[in-house]
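Trainee:
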Amino acid sequence: MTNHHQISDAIEEIAKHKNQIIKSVNDAWLLCDFSLSEPEIIKSFVMEKGKGIDFLNKNVATLINGAQSRFVIKFGGVFAHQRPYIKRTSRNCLKKKGTNSTETCELADLLCLHVFVDSEKNVITSQASFFQAKKSEAIDNQTQRWFYDLDNEFSYKASAFWERTSAGNASRAMPSWGEHRSSAFQYLLLLSGNPTVRLSPWNVEHKHKFGFFLYKLITFSTGKTYDYKDRLAGGWSSIVNDVLQMGSRTMKGKPRNSPGLDEVIDYFNDFRDHDKQVMDVNGPGVTMLLSIVQDTDRQ
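Under our numbering, think of the first position of the sequence shown as 37, with each following residue one higher.
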């Protein structure tokens with residue numbers, strides 16, 4: 037069986053529960069306190085019992101896992117306290133000037149990462165999306181906006197961050213619009229009662245509920261593919277790998293075909309067991325929402 041057919045089989049099983057998945061994901065957000073700041077709402081979704089990821093495992097993972105025996109899904113969360121800052125390049129600033137005099141902003145508030153693994157936990161494929169979180173439908177920080185909507189490159193602000201990355205330098209290239217940028221960098225509107233995903237660029241004004249986004253992610257129809265083999269190229273996979281390297285440093289695991297991601301997968305380990313579903317890395321990085329699907333039939 038090819039990887040293509042393997043993934044197709046997983047999609048077929050997950051899609052049987054489309055409506056329940058979308059509703060449960062939206063309900064998982066509504067259990068959070070939307071009077072908090074954006075980072076605190078995301079922390080609550082990722083870390084707190086009875087909400088967010090815990091709710092998804094109890095209501096989505098249990099549903100899918102109980103309906104068949106081949107595929108096992110688990111949701112996990114990694115909370116990071118210090119998000120890395122980026123600096124816009126002078127060339128991009130000349131095209132569109134931002135709000136911040138330093139032209140620096142955070143890389144993202146949240147990374148959503150969907151991973152498909154075989155029975156030995158080797159990564160078959162993975163899809164990722166970064167999000168800036170907003171509490172209103174107005175975007176008041178033009179530095180953040182043009183970073184997602186215009187810039188073709190950036191550099192990390194702190195050498196303490198980029199010196200520890202696989203690529204070993206500060207510069208990164210952003211994907212173009214023809215390279216699924218709208219799926220790679222998006223906006224998360226944390227509107228009370230209606231958490232919504234808004235695609236980049238902002239002015240396109242395409243929105244849908246977060247539940248629909250996550251359903252699309254776990255059925256491989258959104259996000260941008262992350263490939264460990266491209267981690268040194270300075271592009272999209274380098275950016276994702278940078279965040280994975282930060283998140284995995286406090287986790288122990290066996291490197292296989294995707295080091296950095298392998299350690300994260302090993303931390304969550306038994307995908308039918310939901311006791312270990314969150315990790316506080318207590319350091320720099322981007323908070324992650326992970327969905328892991330394992331095909332137990334194929335190595």
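All residues carry an ideal CB built from backbone N, CA and C; glycine is no exception. Source: prediction; values computed, not measured.
Does the ligand NAD have even one heavy atom less than 6 Å from the beta-carbon of residue 219?
Mentor: The model on display carries no ligand, and the ligand NAD is accordingly not part of it.
Trainee: Using CA atoms only, rank isn't needed, just tell me which of 108, 73, 240 is closest to residue 327.
Mentor: Along the sequence shown, one-based indexing puts residue 327 at 291. Of the candidates 108, 73, 240, the one whose C-alpha sits nearest the C-alpha of residue 327 is 108.
Trainee: Counting C-beta neighbours from all protein chains within 10 Å, is the total for residue 97 16 or more, i.e. buried, or is it exposed?
Mentor: In the sequence shown, counting from the first residue as 1, residue 97 sits at position 61. Burial call: buried.
Trainee: What residue from 264, 147, 141 has the CA that sits closest to residue 183's CA?
Mentor: Stepping through the sequence shown from its first residue, residue 183 is reached at position 147. Checking every option, the nearest Cα to that of residue 183 belongs to 141.
Trainee: Along the chain, where does the alpha helix (DSSP H) that runs through residue 179 open and close?
Mentor: Reading the sequence shown from its first residue, position 143 is the one you call residue 179. 178-185 is the span of the alpha helix (DSSP H), which, as asked, contains residue 179.
Trainee: Buried or exposed, going by whether 16 or more other CB atoms sit within 10 Å of the CB of residue 239?
Mentor: As a working note, residue 239 is residue 203 in the sequence shown. Exposed, because fewer than 16 other Cβ atoms sit within 10 Å of the Cβ of residue 239.
Trainee: Answer yes or no: do residue 165 and residue 259 have a C-beta to C-beta separation smaller than 7 Å?
Mentor: Numbered from 1 along the sequence shown, position 129 holds the residue referred to as residue 165. Numbered from 1 along the sequence shown, position 223 holds the residue referred to as residue 259. Contact: yes.
Trainee: Where do the N-terminal and C-terminal ends of the beta strand (DSSP E) with residue 118 fall, by residue?
Mentor: Numbered from its first residue, the sequence shown carries residue 118 at position 82. It is not in any beta strand (DSSP E) - residue 118 carries neither H nor E in the DSSP assignment.
Trainee: Going by DSSP, what residue range makes up the beta strand (DSSP E) through residue 167?
Mentor: The count along the sequence shown starts at 1 and reaches residue 167 at position 131. Here the beta strand (DSSP E) through residue 167 covers 159-170.
Trainee: Measure the C-alpha to C-alpha separation of residue 324 and residue 137 and round it to an integer number of angstroms.
Mentor: Locating residue 324 in the sequence shown gives position 288, where the first residue counts as 1. Locating residue 137 in the sequence shown gives position 101, where the first residue counts as 1. C-alpha separation (whole angstroms): 29 Å.
Trainee: For residue 109, list the residues DSSP reports as bridge partners.
Mentor: For this step, residue 109 is matched to residue 73 along the sequence shown. Looking at the DSSP assignment, residue 109 forms a beta bridge with 329.
Trainee: Helix, strand or coil, according to DSSP, for residue 67 in the structure here?
Mentor: Looking up residue 67 in the sequence shown gives position 31. Note: residue 67 maps to coil in three-state DSSP.
Trainee: Taking the alpha-carbon positions, what's the residue 132 to residue 221 distance?
Mentor: In the sequence shown, residue 132 corresponds to position 96, counting from 1. In the sequence shown, residue 221 corresponds to position 185, counting from 1. Cα-Cα distance, rounded: 18 Å.
Trainee: Return the chain-ordered list of same chain residues with a C-beta closer than 7 Å to the C-beta of residue 280, the five sequence neighbours on each side being excluded.
Mentor: In the sequence shown, the residue the question calls residue 280 occupies position 244. Here the set comprises 296, 297, 300.
Trainee: Start and end of the alpha helix (DSSP H) containing residue 233?
Mentor: As a first step, residue 233 must be located in the sequence shown, where it is residue number 197. Careful: residue 233 lies outside any alpha helix (DSSP H), inside the beta strand (DSSP E) at 232-235.
Trainee: If we require 3 or more residues per run, which beta strand (DSSP E) segments fall completely within the stretch 230-316?
Mentor: Taking only runs of at least 3 residues, the beta strand (DSSP E) segments lying wholly in the stretch 230-316 are 232-235, 243-245, 314-316.
Trainee: With residue 179 and residue 43 assumed to form a contact (beta carbons below 8 Å), what rounded beta-carbon distance in angstroms separates them?
Mentor: As a working mapping, residue 179 is identified with position 143 in the sequence shown. As a working mapping, residue 43 is identified with position 7 in the sequence shown. Rounded, the Cβ-Cβ distance is 38 Å, inconsistent with contact.
Trainee: Note down the Cα distance separating residue 53 from residue 59, rounded to an integer number of angstroms.
Mentor: To locate residue 53, count along the sequence shown from 1; it is residue 17. To locate residue 59, count along the sequence shown from 1; it is residue 23. Going by the C-alpha atoms only, they are around 10 Å apart.
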